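What follows is a short report on a single structure.
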Amino acid sequence: MTIYLAGFSHLIPFAAGHELIRQRRQHLTLCRATPDLVYDQMIAAGVANRVVFSYAGNPGVGLLPAFRRAVETGQIAIDEYTHFEMVARLEAGAAGLPFWPLRSPATDLASYHAHHTVVCPYTGEEISTVPALVPDVTVVHVQAADEQGNLYVEGLVGEMREAALAARIVLATAEKIYPAGSFRSARSSLLLPGFRVSAVAAVPFGAHPSYAAGLYERDSAFYQAWTAIARDAEYCQRWLEEWIYGTENHQEYLAKLGQQKLDMLQMGEPHE
Amino acid sequence: MTIYLAGFSHLIPFAAGHELIRQRRQHLTLCRATPDLVYDQMIAAGVANRVVFSYAGNPGVGLLPAFRRAVETGQIAIDEYTHFEMVARLEAGAAGLPFWPLRSPATDLASYHAHHTVVCPYTGEEISTVPALVPDVTVVHVQAADEQGNLYVEGLVGEMREAALAARIVLATAEKIYPAGSFRSARSSLLLPGFRVSAVAAVPFGAHPSYAAGLYERDSAFYQAWTAIARDAEYCQRWLEEWIYGTENHQEYLAKLGQQKLDMLQMGEPHE
Amino acid sequence: MNSRDIMAIASARLLQDHQRVLVGVGTPNIAANIAKRLHAPNLVMIYESGVIDAMPKKLPLSIGDGTLVDEALAVLPMGELFSHYLQTGWIDIGFLGAAQIDSRGNLNSTVIGPYTHPKVRLAGSGGAADIACHLPHTRDRFAPRLDFITSPGHPRHGAHPDGRGPWRVVTDLGVFGFDECGEMVCLALMPGHTYEEILDHSGWQIPRAAALEQVPEPSSREVQTLHALYSTLPGGGK
Amino acid sequence: MNSRDIMAIASARLLQDHQRVLVGVGTPNIAANIAKRLHAPNLVMIYESGVIDAMPKKLPLSIGDGTLVDEALAVLPMGELFSHYLQTGWIDIGFLGAAQIDSRGNLNSTVIGPYTHPKVRLAGSGGAADIACHLPHTRDRFAPRLDFITSPGHPRHGAHPDGRGPWRVVTDLGVFGFDECGEMVCLALMPGHTYEEILDHSGWQIPRAAALEQVPEPSSREVQTLHALYSTLPGGGK
């Protein structure tokens, strides 16, 4: 099964990822332009046997230790693209086409995955292509949904819309679910209409430790702490035990984080 | 020279079209998904020798008499697409690619313009394509610009953005030009960044008789009157003499319309 | 109540609640707006201008009117609407007018006469997008052979699978469907019209369904809704 | 002031006012933010996360930070940024970090060791987009042959035409350009460093420009600006 947890740095569906760990899912193909901590945690938990990605870093901090270890030991297979190729794969999926044309530089990546060209029928020019990416399930986390499943975001959208439109099934977690019609106006920032969404759950702080613009800040301290946690395989398992397997659900995870931490993230950084 | 006056029903750059008539331009290739009255007037004025389009109607009213006459008498050449093909041609131009893939139905149009397929290198499927459309100049009319040339719109955007991004040169008319930084915020509806725009002119009511959401309504009475004007070639020339050649510029055209008419369009329709 | 109004009401009845319908200009627009105000309040009206789930307060004169935008769920660039919603099959039903139709449901809205030397040059395709359609019933318009195929109907052999292709045709004389071979069949007669009249006004022999139905007269609620819509037009409609 | 700070300041000086720069994560991000606060107030900072013309109040820790969005001109979907701005050549300069570089300016940010059995698996390409670059100067990193080409440099024969391809490389030891054959040349030395040191720390013999320059020491304004930026970080920077 192919899963895409969408969102570039912002609105990453961590709560959904943690729940996949709790349910001890296995053999998933995890797709994300930027695997980020969420996939590092899922890889450490043995959820994945393949990762499709374009940048596997801890943004602003460094690398992803569990991902590194899994790749260096051959525990997971990878299917690697540039960012542009990755979003182009989603564009194809979102448009219902089997491939997407783009001008892609000649890198060594091309030796490791199918990377075909087509000839433009009008100019004869050779144009790179990538195959469509059609996730079985894409999960997005949004600031607001309404009762009809319409999803609204503000701030960075990254590849969220294309990842959702490309998927067979779209699941959403939302900071809050509002009454139908709350956001009716052409100026509001609809991510996706409800008829394209299979299910929505209200999950406050569902993007922690990433952030939700206008609601809470990124937990930078945790992003920085993760390197030390994940670098040590045993420490990493202990962390999963304590924070994910050891919590029944996302409410318990939040309770464990503590109200003080949540308040601090909501207030933003004091020195601004 | 290939010109694209952009905008679907909304924000049609009529003032710019009228000025091309006043300057007695000739031999232009006029591109627009929906030629609308603006191209009917330009065709009647002999500005065009080719029209690239996908729907040549008077929206909600009927046909375009000058366009009809010019096509039926062979006075202009046409290059005709479906709406989807037309916007796909612009998408290719906007992305800097020579063609665009799409699923296009098998209509008789395909017999009259180059309509090639490519074979998907991953699935073997045959996919329709259209060639890129790269206008020499695209003109857009917007509700607001700032001094740095950043363009802002609200309401229907149609194919405005793609038509502008596809063009070599982008010219803009704006209802009003605001100080730099007036709209800085990620939530405002930027159409195009200033660095992509060659020149902007302040032209209030520059979309009349079409409309500018939030500012003035469509002049439906004129859209309805146009059929009788344009159906009669001589009447049509007299109209051009009086309203376009006979006015020095758009201010004079507006003065001729009269303040009462402008006030009425700004107020909207009384029965709402 | 003229024949266009009755056509609009009869086709409004064909739309179901919660359907996503791509609404064409003209009678389809009136019909969809009637349906939304009566039996299909959750009808998702989508316009090729980029509007998703319009809730117009007034009857829009064209498919680019501001009233379509005001309370809409979203306004997309046209390209996104076509590529992310239409191309991917997320729109249930398209609802169009046309100048000519043949027995397979091929539509012509491009040209009467030869394309390169037209007798009447029509508006052309626009977003013509193919399921139900709508036109006055005359021999010229119900043609054995079209001057131009703008929107393709059922393929030469058999009907489209999966409910694709043209589904219903509504005229001032009757309502028509397509049999399993993809050939047009008369399903119902408009109030006051007969099957013989239909044969008289068609360029080929349209067969009748075994159980030929009668389209019910517009109800008083339908008539009131239509008049209320017209009253939002400039000048209070025609 | 450590060597990373001096690298950041030296590369900030390479950016010109009104340029549109695609800003990578790490030192490039610091450098662009210094330039914007000093000699290039109209620098258009573009981030692959979709931000056009960012005006961050704080130093962003990553290229997806909220501070990049707040006063930005626009936030685009990533796909639009890549296809409408990068692919079409509307971005003047790209500004990246990398793990390894060779004499043609090929960059490696993917892997050390064989791709299929990596010694060190790095983050990979992301939006690596190719004009200036930035890295600590060691023999491992200035390699005659890369383990992996993530971002292509100058083609085997001659430099890229039209100023395309890598333009400047900034390290803790010096600033480098490329000659008309596309080979790296040392243009300037960082304060306190020598050409001999560069040769000692490079995996091949990098030639020196006829007029080898000296990178001026950071000015007090530059130092103040950098410290002011750091003070916006959580905990006031390191």
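Note that the protein sequences, when read in sequence, are chains A, B, C and D. Counting from 1, one number per residue, gives the positions in the first sequence under my numbering. Counting from 1, one number per residue, gives the positions in the second sequence under my numbering. Counting from 1, one number per residue, gives the positions in the third sequence under my numbering. Counting from 1, one number per residue, gives the positions in the fourth sequence under my numbering. We treat Cβ as the ideally placed atom computed from N, Cα and C, and that holds for glycine. Note that the structure is a prediction, hence the values are computed from the model and not measured.
In this chain, the alpha helix (DSSP H) harbouring His227(D) covers Ser220 to Tyr230. The Cβ of Gly94(D) sits no closer than 9 angstroms to any Cβ of chain B. Nearest CB-CB separation between Cys120(A) and chain B: below the 9 angstroms threshold. The C-beta distance from Met190(D) to Val215(D) rounds to 5 angstroms, short enough to fall under 8 angstroms.
For Cys186(C), the uninterrupted beta strand (DSSP E) segment begins and ends at Met184 to Leu189.
Contact annotation: in the region 36-66 of chain D, residues whose CB is within less than 8 angstroms of a CB in chain A are Glu48, Ser49, Gly50, Val51, Lys57, Lys58, Pro60, Leu61, Ser62, Ile63, Gly64, Asp65 and Gly66.
Under the rule that a run must span 4 or more residues, the alpha helix (DSSP H) segments found entirely inside the region 47-127 of chain B read 65-72 and 83-95. A direct Cα-to-Cα measurement between Ser3(D) and Leu109(A) gives close to 32 angstroms. Secondary structure note for Asp146(A): it is in no alpha helix (DSSP H), and the uninterrupted beta strand (DSSP E) holding it is Val137 to Asp146.
Counting only runs of 3+ residues, the beta strand (DSSP E) found wholly inside the region 160-245 of chain A occupies 169-178, 190-192 and 199-202, in chain order. Under the Cβ criterion of 9 angstroms, Phe178(D) is not counted among the residues facing chain A. The alpha-carbon of Pro135(A) is positioned some 8 angstroms away from that of Ala163(A).
Close to Ser128(A), with beta-carbon spacing below 8 angstroms, lies no residue of chain D; the smallest spacing is near 11 angstroms. C-alpha of Phe8(A) to C-alpha of Pro60(C): approximately 39 angstroms in a straight line. In the DSSP assignment, Val23(D) falls within the unbroken beta strand (DSSP E) covering Arg20 to Val23. Cβ neighbours of Asp17(C) within its own chain (closer than 8 angstroms, five residues either side excluded): His39, Ala40, Pro41, Asn42 and Leu43.
Per DSSP, the unbroken beta strand (DSSP E) holding Gly174(C) starts and ends at Gly174 to Phe178. Residue environment analysis places Asn33(C) among the buried positions, since at least 16 neighbouring C-beta atoms fall within 10 angstroms of its C-beta. Sequence-distant partners of Ser62(C) (beyond 5 residues in either direction) whose C-beta falls short of 7 angstroms from its own C-beta, in its chain, are Val25. For Val69(C), the enclosing alpha helix (DSSP H) starts and ends at Gly66 to Asp70.
Contact between Ser103(D) and Met184(D) holds: their C-beta atoms lie close to 5 angstroms from each other, under 8 angstroms. Looking at the DSSP output, Arg208(D) shares a beta bridge with Cys186(D).
The alpha carbon of Asn49(A) has as its nearest neighbour, out of Gln75(A), Leu192(A) and Pro98(A), the alpha carbon of Gln75(A). By the criterion of at least three beta-carbon pairs nearer than 8 angstroms, the region 80-90 of chain A is not in contact with the region 85-94 of chain B. Assigned with DSSP and collapsed to three states, Val134(A) falls in coil, not helix or strand. The residue from Ile52(D), Pro155(D) and Tyr115(D) with its alpha-carbon nearest to that of Leu81(D) is Ile52(D). The three-state secondary structure of Val111(D), taken from DSSP, is strand.
Per the coordinates, the alpha-carbon of His193(C) lies some 12 angstroms from the alpha-carbon of His201(C). With respect to Ala8(D), Ala31(D) sits close: the two C-beta atoms are nearer than 9 angstroms. Legend: CB atoms of the region 173-201 of chain B lying less than 8 angstroms from CB atoms of chain C are not found in any residue. In the structure shown, the three-state DSSP call for Ala40(D) is coil. According to the DSSP secondary-structure assignment, Ala74(C) is paired through a beta bridge with Ile52(C). Taking 9 angstroms as the threshold, the shortest C-beta distance from His157(D) to chain B does not fall below it. Here Val139(A) really is in contact with Ala16(A); their C-beta atoms are around 5 angstroms apart, less than 8 angstroms.
When beta bridges are read from the DSSP output, Cys31(B) appears opposite Tyr4(B) and Val52(B). With contacts defined as CB atoms closer than 9 angstroms, Asp219(B) and Ser182(B) fail to qualify as a contacting pair.
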